[in-house]
Every structure is written in C-alpha cells, then in structure tokens.
Amino acid sequence: MNNSLVQLKDVSDFTPEEFSVYEKFPSNLTRSLLLTKCSAGPHLALGGAITQGYLNDYEREIIVMRVAKLVDSEFERLIHYPLAIKAGLSEQEISDIESGNYDAMEPCRQAMVHYITECINDGKASPAAFRKLNEFYSQGEIADATHLAGHCWMTAMYLSSLGVPLDEQETSWSRLTELNN
2 MNNSLVQLKD VSDFTPEEFS VYEKFPSNLT RSLLLTKCSA GPHLALGGAI
52 TQGYLNDYER EIIVMRVAKL VDSEFERLIH YPLAIKAGLS EQEISDIESG
102 NYDAMEPCRQ AMVHYITECI NDGKASPAAF RKLNEFYSQG EIADATHLAG
152 HCWMTAMYLS SLGVPLDEQE TSWSRLTELN N
C-alpha cells in the first residue's frame, strides 16, 4: 500500500535536467527531491561527497545504521544494510549498533555510537562525548561523522514527512559522485 503524501513524477515525464540528476541515483528519494525547486542535485551531491571524506566505508555504515535505528528510517536501513555488510559489518555487529549494545563493541566503536546517539537524540554531542571520540578519531573524521549523521537524519525526516514510498529494488550508487563534477 502506498501511503505517499506527495505525487512523485513518473520518470518518463522528467525534463532532460531532471533525468540527468535521476540517472545518477535512480530512487524514490531522487524522485521526491525533484519536487523541490533546486535541491535534488545538491542534496545527492552532498551524500556523494561524504563518501569521499575522511571516513572509510566501514565507519560510515556504522554511523548510518545507528542513525537509521534512532530515527526509525526504513529507507536508510533498506539502502544501507547491504552496504554495511559489503563494508565488513556482520549481522551481529549491525544488531549491536542498532540496539546500542555497547558491551559488545570495541572502545572506538563505543565512542562513535555514543557520540552519534547524542547527536541525534540531543541535537548535539556533549563535549565529553567529543573528547572520548577524539581519542580514536581526528577532528576531520569527527566532523565528517557529524555531517553524515545530520545528512542521514535530514534525509530520513524528509522522506517520512512526505510519506515517500520505499524503493522496490536496490538502487545503484555507482554514479552518485558524478554530481560533484
């Protein structure tokens, strides 16, 4: 059942400019972002830029899986679960991240999951959480982690507020960073 609150434009009705954005990340997220006047490309480009930052795939997926759980984002979990597995996280590790089972985590992961949890639940991380995370990660890595958490939260809020339906199949990430060229 489709509970969408907005009408997504059919791909066959896209203008050439809209299609050039859509083909870089063919998903309902992109179709919904194309409802905005000029945010689709920049929003997706930011997501692509984050993949080229200081964090590796493994660390990024830890963050996304935690944010997805905290904000109850089916979309983020659906599209990132296979990426988390591909990045080397086990199903048990993902479960521990989602449930906040700190006892099962190594200290650097505990610090990251705690920091991200504070960011999402409190709207900011405490200085103590920052200092603990900074024992394991550089300021650049922490900045990227914070930015990624906020981007995931914003995307989740956007999709759930508009009732955008989940994609029926996995989408390709292979061309997303082309939006930064």
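Residue numbering for the sequence shown follows the numbering used here, beginning at 2 and increasing consecutively. For glycine and all other residues, C-beta sits at the position ideal for the given N, C-alpha and C.
Of the listed residues the options, nearest to residue i (C-alpha basis)
i, options, result
"E171", "S28, P43, Q8, Y55", "S28"
"Q93", "I63, M113, A112, C39", "I63"
"H152", "P128, C120, N4, F131", "C120"
"L56", "H148, T16, A157", "H148"
"A157", "Y59, K10, R78, L47", "R78"
"A146", "V65, V165, G42, K10", "V65"
"Y159", "L35, E107, S139", "L35"
"T178", "V12, G42, S5, G101", "G42"
"L6", "F137, E169, Y82, S161", "S161"
"A144", "E169, R61, I86", "R61"
"L84", "N182, W174, N181", "W174"
"G101", "K87, E142, N122, G89", "N122"
"Q53", "E169, L167, E142", "E142"
Whole-Å CB distance - residue i paired with residue j, under 8 Å assumed
i, j, result
"V1", "L45", "Lying before the first or after the last residue shown, residue 1 is absent from the chain, which here runs from 2 to 182."
"K133", "A150", "No, K133 and A150 are not in contact; Cβ-Cβ is about 16 Å, not under 8 Å."
"S33", "L163", "6 Å"
"L30", "V165", "7 Å"
"Y59", "A105", "Y59 to A105, Cβ: 16 Å. No contact."
"R176", "K38", "Incorrect: roughly 23 Å between the Cβ atoms, too far for contact."
Delimiting residues of the alpha helix (DSSP H) encompassing residue i
i, result
"Y55", "No alpha helix (DSSP H) contains Y55, which DSSP labels as neither H nor E."
"G184", "This structure cannot settle anything about residue 184, because the visible part of the chain is limited to 2 through 182."
"E94", "92-100"
"M113", "108-123"
"P128", "128-135"
Q | Minimum length 3: unbroken beta strand (DSSP E) runs contained in the stretch 6-91 | A | Listed in chain order, nothing qualifies, since the stretch 6-91 has no complete beta strand (DSSP E) run of 3 or more residues.
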